[in-house]
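Chemist: Numbering (the numbering used here), first residue to last: 3 to 133. We put the beta carbon where it would ideally sit given N, CA and C, even for glycine.
1. What separation, rounded to the nearest whole angstrom, lies between the Cα atoms of residue 43 and residue 65?
2. First and last residue of the beta strand (DSSP E) that includes residue 19?
3. Would you list the residues sitting across from residue 105 in a DSSP beta bridge?
4. Since residue 86 sits in a beta bridge, which residues does DSSP pair it with?
5. Buried or exposed, going by whether 16 or more other CB atoms sit within 10 Å of the CB of residue 109?
6. So the candidates are 11, 54, 38, 75; which of them puts its Cα closest to the Cα of residue 22?
7. In this structure, how does DSSP classify residue 123 when only helix, strand and coil are distinguished?
8. Is residue 71 near residue 12, with beta carbons less than 8 angstroms apart?
9. Whose CA, out of 28, 45, 29, lies closest to the CA of residue 84?
Encoded structure:
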């Protein structure tokens, strides 16, 4: 989804579009476009480079709005909260590398959909070889 569409949906749901929300949205969307899996701290640190006084709770509440609105999903791994695209795909959590990989697995997604399940996030923990 484009940022402009996301902003309109947030407005339609009664949220104001503040500079803080815009900054968090832009950072998250850019990282997701690059298929990164930013942690909460990654996002907070990057936002603070431009808005040094933004509070942790403000960033957290903006991320909650994005998740509740269906734009991102979060998942925990090794005590960290990661954010990812809400588009169905498989996340491989490399437990030996502290790394997250995306894998497109249409067969898995389609098999779930045939059973009436629309996956938002599929996460698999695995031991990964050096790549």
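Modeler: Reading it off the structure:
1. 12 angstroms
2. Segment: none, residue 19 is in no beta strand (DSSP E) and carries neither H nor E.
3. 92
4. 75
5. exposed
6. 54
7. coil
8. yes
9. 45
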